[in-house]
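Trainee: My questions all concern the structure below.
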Amino acid sequence: MSELRVFPDREALSRAAAETFLGLGADATRDFGVFTVALAGGTTPQRAYEIIAQTWRDVPGGPLDWNRVHLFWGDERHVPPDHPDSNYRTANDALIRHVPIPPRNVHPIPTEFSDARKTADYYEAELRGFFQLGVGELPHFDLILLGMGADGHVASLFPETEALEVEDRLVAANWVEKLEAWRITLTMPVLNFAARLVVMVGGSEKREILRRVIEGPHPPPLLPAERIQPGSGTLLWLADKEAAGWRVKSG
Ligand code: 6PG
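Each residue of the sequence shown is one higher than the last, beginning at 9 in this note's numbering.
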């Protein structure tokens, strides 16, 4: 099931994403005793992370219990954790250092390894251990937050890159030629196994690609964002008017 909600601006989009995170967190910690999230990278989610840090005490059912929240990452740039491009650093600066989440509940992708493939192996092992997975099993994240690039990439699954086709791993190292950089990313099977996927899209530069992803047509090869088709989970697109104005009736 897929839904698109359009907001007047980036702030409203960010607030909606934060409210969605906190609402799902309250439900999961109440119903299952744990809330497992894979955070998005890039710039779009930054404001949403800040709002979560400011409003987590105001959840209707009571403050979010951070002892029961486990944060992972959907992808990471292969840079040190204190590098300006680090997705860990973005989330740490905007959210993690401002909330009482136990350090053991924060699971960054360990980019200290010089070899991206080794990093991917390590993170795959961490996921298998945390989710207690058997051979062939996938981690069932309660929520995977994503952004989307103007080329239709999600996480670090870029069009025409090797990791996009990986089906037999949870985490893959991905050489992205156009960036001339290594990335580490969850694979598409893991994304599509999440209970809930929330994709945040803002800005006019994404309008064309978002319209294609939502409304089609979908000429082959499918874009990474077009391949997000959760099995039993839900897919929620949160967009601002700049990115999804075509959906808003004028007048
Ligand atoms: C990353 C992200 C990537 C991001 C999109 C959108 O590491 O860059 O995971 O998938 O979500 O590139 O990025 P912006 O939010 O900066 O537009």
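The beta carbon of each residue, even a glycine, is placed where N, CA and C say it ideally should be.
1) For D83, tell me which candidate among D73, W74, R97 and N75 has the shortest Cα-Cα distance.
2) Closest by CA to F149, which one among R255, L30, A203 and K186?
3) Please classify F43 as buried or exposed, where buried requires at least 16 other C-beta atoms within 10 Å of its C-beta.
4) Kindly examine the ligand 6PG and report whether one of its heavy atoms sits closer than 6 Å to the Cβ of T52.
5) Beta-carbon within less than 6 Å of R55's beta-carbon, same chain only, minus the 5 sequence neighbours each way: which residues are those?
6) For A171, which three-state DSSP category applies?
7) What did DSSP end up calling G50 once you bin it into helix, strand or coil?
8) Say the cut is 6 Å; is the CB of N100 nearer than that to a heavy atom of the ligand 6PG?
9) Between the Cα of R125 and the Cα atoms of G155, V87 and V179, which residue gives the shortest distance?
10) Roughly how many angstroms lie between the CA atoms of D90 and W74, to the nearest whole one?
11) For V138, which three-state DSSP category applies?
12) Per DSSP, which residues does G155 bridge with? Please list them.
Mentor: By the coordinates alone:
1) R97
2) A203
3) By the neighbour-count criterion, in which 16 or more other beta carbons inside 10 Å mark a residue as buried, F43 falls on the buried side.
4) Yes; taking the cut-off as 6 Å, the Cβ of T52 has a heavy atom of the ligand 6PG nearer than that.
5) S22
6) helix
7) Coil.
8) no
9) V179
10) 23 Å
11) Note that residue 138 is Phe in the sequence shown, not Val. Here F138 sits in helix by DSSP.
12) According to DSSP, G155 bridges with M208.
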